[in-house]
Structures are given as structure tokens and as C-alpha cells.
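Colleague: End of the sequence shown sits at 107 in my numbering; the numbers just go up one at a time, nothing left out.
Ideal placement from N, C-alpha and C gives every residue a C-beta, glycine not left out.
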Amino acid sequence: MKEKSTQDLADEFMELQEKRRRLEPQVRDGMDRIELVSIEARGKALATEILLRGSGRDPRPNDVSPLLLRHLGVGLVE
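(1) Is the stretch 43–52 in contact with the stretch 69–77, if contact means three or more CB pairs nearer than 8 Å?
(2) Helix, strand or coil: how does DSSP classify VAL66 here?
(3) Beta-carbon within less than 6 Å of GLU53's beta-carbon, same chain only, minus the 5 sequence neighbours each way: which residues are those?
(4) Using three-state DSSP, classify GLY104 as helix, strand or coil.
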């Protein structure tokens with residue numbers, strides 16, 4: 030299986046954010062809450078992976094845009 034690029038991870042992160050925004054107002058029962066928590070957990074995992082790549086601590090090329098890092102709430106990583 031081919032490893033995802035940072036852009037692929039960022040795209041997946043943004044899709045999850047949109048799905049979370051749509052689901053949040055509709056949470057009525059335990060199953061909806063479980064799905065929401067699952068989406069949030071995957072989003073945090075993706076954000077962590079993206080930040081590691083942007084920090085230079087990851088051996089993969091640093092192809093993380095400063096705009097994406099700012100969106101994740103980190104600002105510029107030097």
C-alpha cells in the first residue's frame with residue numbers, strides 16, 4: 030500500500046472537519062456520539078501526522094504548507 034502524501038492527509042483532515050461540522054448539530058443518541066468521537070480522533074491523528082512532517086522530525090520531505098499549519102492552530106513551524 031502506497032504511503033499517503035501530506036496533501037492526501039490534509040485533504041482527508043479537511044473532509045473529516047466538514048463531516049464533523051455537519052454531524053455535530055444532529056447528535057441525538059449514543060451511536061451518533063460514537064461516530065463523532067471517532068471522527069474527532071481520526072482528525073487528531075491526521076493533524077499529529079501532518080505536524081510531525083512539518084516539524085522536520087519526520088524523515089519524509091517537509092511538504093507541509095504554513096497555511097495548513099496555521100489552520101491546524103500551530104502557526105509557522107521553524
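Modeller: Well, looking at it:
(1) With the rule of 3 Cβ pairs closer than 8 Å, the stretch 43–52 counts as touching the stretch 69–77.
(2) helix
(3) none
(4) The pLDDT assigned to GLY104 is 47, lower than 50, so where the model puts this residue is not dependable; a value taken from the coordinates is nonetheless given after this. Residue state, collapsed to three classes: coil.
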